[in-house]
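Presented below is the structure to which this report refers.
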Amino acid sequence: FSSSSSTEIDDYLLAEKYLRQHYGLSPGLQGSRAASGAFQTKIREMQKFFRLKVTGNLDENTLDIMKQPRCGVPDIGE
Amino acid sequence: YNHFPRRLKWERNDLTFRITNYTPDLKSTDVDRIIRRALNVWSAATPLTFRKLREGIADIMISFGSKEHGDFNPFDGPNGLLAHAYPPGRDIGGDVHFDEDENWTNDQSDYNLFIVATHELGHALGLAHSSDPGALMYPAYSYNEGFPLAEDDIDGIQDLYGPNPNGKKLKPRPDAPTRCDPELTIDAVTDLRGETYIFKDRFFWRLHPQFPEPQQSLTRSTWPFLPNQVDAAYENPDKDTMFVFRGIRMWAISGYDLVKGYPKYIHKLGLPKRIRKIDAAVYIKDTGKTLLFSDEEYWSYNEAKGTMDTGYPRSIETDFPGIGDEVDAAAYRSGYLYLFNDKLQFEYSYISRKVVRIMRANSVLNC
Numbered sequence: 015f016s017s018s019s020s021t022e023i024d025d026y027l028l029a030e031k032y033l034r035q036h037y038g039l040s041p042g043l044q045g046s047r048a049a050s051g052a053f054q055t056k057i058r059e060m061q062k063f064f065r066l067k068v069t070g071n072l073d074e075n076t077l078d079i080m081k082q083p084r085c086g087v088p089d090i091g092e
Numbered sequence: 092y093n094h095f096p097r098r099l100k101w102e103r104n105d106l107t108f109r110i111t112n113y114t115p116d117l118k119s120t121d122v123d124r125i126i127r128r129a130l131n132v133w134s135a136a137t138p139l140t141f142r143k144l145r146e147g148i149a150d151i152m153i154s155f156g157s158k159e160h161g162d163f164n165p166f167d168g169p170n171g172l173l174a175h176a177y178p179p180g181r182d183i184g185g186d187v188h189f190d191e192d193e194n195w196t197n198d199q200s201d202y203n204l205f206i207v208a209t210h211e212l213g214h215a216l217g218l219a220h221s222s223d224p225g226a227l228m229y230p231a232y233s234y235n236e237g238f239p240l241a242e243d244d245i246d247g248i249q250d251l252y253g254p255n256p257n258g259k260k261l262k263p264r265p266d267a268p269t270r271c272d273p274e275l276t277i278d279a280v281t282d283l284r285g286e287t288y289i290f291k292d293r294f295f296w297r298l299h300p301q302f303p304e305p306q307q308s309l310t311r312s313t314w315p316f317l318p319n320q321v322d323a324a325y326e327n328p329d330k331d332t333m334f335v336f337r338g339i340r341m342w343a344i345s346g347y348d349l350v351k352g353y354p355k356y357i358h359k360l361g362l363p364k365r366i367r368k369i370d371a372a373v374y375i376k377d378t379g380k381t382l383l384f385s386d387e388e389y390w391s392y393n394e395a396k397g398t399m400d401t402g403y404p405r406s407i408e409t410d411f412p413g414i415g416d417e418v419d420a421a422a423y424r425s426g427y428l429y430l431f432n433d434k435l436q437f438e439y440s441y442i443s444r445k446v447v448r449i450m451r452a453n454s455v456l457n458c
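Top line first, the protein sequences correspond to chains A and B. If you use the working numbering, the first sequence corresponds to residues 15 to 92, in order. If you use the working numbering, the second sequence corresponds to residues 92 to 458, in order.
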């Protein structure tokens, strides 16, 4: 990680766990998370599902939804 | 709505279920009653029937567990993941697991077991998550009274199993409002930290100046302490606080948190007791005054002093000629007051003191 604030690191860890749980992001390190193609692809999938603006970025709207209590069943796929 | 891949469903309609353990948060008789009520929701919409087993293997095995609970799909402690379920099939197929680390309730004081159970049983019957924020099968939790299925849920389950043969008409939960409906009326509008929030029924749209597409959410998914529907809202940016009104109560919100000491009664602002509802509220940055509209009158509240200005209430029709005698919602931007009445939005120039433009209410949502 670049010299991100701890909040940003927490947000990325939360996002990675969320995407693994609900969008089939493969586990393990994604290299520099922010840039990893897989990470951004899954962000886009999630933004599309929730009818957010599809940016591939971990923006505030996307994080808001990731922080809401929810069902553990994946949103897409098996 | 969505189904699981390969449209997994039960191949017969008479299913069995078994509750294999209970949460200490509720009486076991309450859990029995809640689960039966949740199953009845799905029976009402389909030909499916559910028979209870007290031992052995049922189609739908229901249990409470925390963290790793035997399916290599661990829960995560309080909040976050509340429960999960498996699509129709043998063995673990159709099973429902609740996270015991949550506080399960029979009301809205914390996670309502009936709402979550009905959602999870939807999965156990073959429904995946829906993108419709008004649907029960939407992934995020939100509490609502009344019949839990929206049209979207009913269509999804009947697509798999057909309708209830008794032809009983269901009264689905109202769907999320469509933003570009030309007949759209709105309940409240406010700025908040540079974005615009438009409230309608149980939902709000969040509009960012750079993004043309507003995002729709359930009000209580973001602010669980608010009522389902709001009457009015305004932001005092100097205090970084949004004020929301419903009936005779008002909530002060900073970000996602309720400000200490709220909700309060609206009469604390200095309104007479005869006022039972605020229809619209708007903070005029240029004057530091908040206008509060109720029925055919409005008041001016001095935010700095925390008192009502003298000489009020005044008549809406007299001071804002041309907009009608009542206001549903109000916003202020760059010297213009935007007053919403029914399906229309009136742009009122604060300087020339007259209506300069009339638009459809939904134009606030870039329609």
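Just so it is clear, CB atoms sit at the ideal spot from N, CA and C, and this is done for glycine as well. Computed from a prediction, not measured in an experiment: that's the story for all the values here.
- The Cβ of Val87(A) sits closer than 7 Å to at least one Cβ of chain B.
- Ranked by how close their Cα comes to the Cα of Asp348(B), the residues Ile357(B), Ile339(B), Phe334(B), His358(B) have Phe334(B) in first place.
- Nearest neighbour of Ser308(B) by Cα position, chosen from Leu298(B), Phe294(B), His299(B), Leu435(B), turns out to be Phe294(B).
- Listed along chain B, no residue sits closer than 9 Å to Asn71(A) by beta-carbon distance, the nearest being about 12 Å off.
- Nearest C-alpha to Thr111(B) among Ala395(B), Ala323(B), Asp150(B): Asp150(B).
- In this structure Leu275(B) touches Asn453(B) by the C-beta definition: roughly 4 Å separates them, less than 8 Å.
- Linking Asp433(B) to Ala279(B) through their CA atoms gives a straight-line distance of about 12 Å.
- Judged by DSSP secondary structure, Trp390(B) falls within the beta strand (DSSP E) whose first and last residues are 388-393.
- In the structure shown, Met341(B) adopts extended strand secondary structure according to DSSP, grouped into three states.
- 7 Å or more divides the Cβ of Ile125(B) from the Cβ of Leu216(B).
- Of the candidates Gly361(B), Phe384(B), Ser425(B), Tyr423(B), the residue whose Cα lies closest to the Cα of Thr401(B) is Gly361(B).
- Neighbours of Leu172(B) in chain A, taken as residues whose beta carbon is under 9 Å from its own, are Gln35, Pro83, Arg84, Cys85, Gly86 in chain order.
- Counting other Cβ atoms within 10 Å of its Cβ, Phe166(B) reaches 16 or more and is therefore classed as buried.
- Within its own chain, the residues whose Cβ lies closer than 6 Å to the Cβ of Leu144(B), once the five positions on either side in sequence are excluded, are Thr107, Arg109, listed in chain order.
- With contact defined as three or more Cβ pairs closer than 8 Å, the region 64-79 of chain A and the region 154-162 of chain B are not in contact.
- In summary, Pro273(B) is exposed, with fewer than 16 beta-carbon neighbours lying within 10 Å of its beta-carbon over all protein chains present.
- Legend: CB atoms of the region 53-67 of chain A lying less than 8 Å from CB atoms of chain B belong to residues Phe63, Phe64, Arg65, Leu66, Lys67.
- Annotation: Asp190(B) is outside any alpha helix (DSSP H); the continuous beta strand (DSSP E) that includes it extends over 187-190.
- Unbroken beta strand (DSSP E) runs of no fewer than 3 residues, entirely contained in the region 167-249 of chain B, are found at 172-176, 187-190, following chain order.
- The beta-bridge partner set that DSSP reports for Arg58(A) is empty.
- Scanning its chain for C-beta atoms nearer than 8 Å, with the 5 sequence neighbours on each side dropped, one finds around Lys62(A) the residues Val68, in chain order.
- Under the three-state reduction of DSSP, Tyr427(B) is assigned to strand.
- Less than 7 Å divides the Cβ of Val418(B) from the Cβ of Asp370(B).
- Residues of chain A whose Cβ lies closer than 8 Å to the Cβ of Tyr232(B) are, in chain order, Gln82, Pro83, Arg84, Cys85.
- Per the C-alpha coordinates, the member of Trp195(B), Glu193(B), Pro178(B) positioned closest to Val187(B) is Pro178(B).
- By alpha-carbon distance to Pro315(B), the top candidate from Trp101(B), Ala395(B), Leu251(B), Ala231(B) is Ala231(B).
- Gly225(B) is positioned such that its CB atom lies closer than 7 Å to that of Ala241(B).
- By a beta-carbon distance limit of 8 Å, Arg405(B) contacts Glu388(B). Their separation comes to about 7 Å.
- For Asn164(B), the neighbours in chain A by C-beta distance under 8 Å run, in chain order, Gly86.
- Between the beta-carbon of Leu456(B) and that of Pro305(B) there is about 5 Å, and that keeps the pair under the 8 Å contact cut.
- Residue state for Ser443(B) is assigned as coil, using DSSP reduced to three classes.
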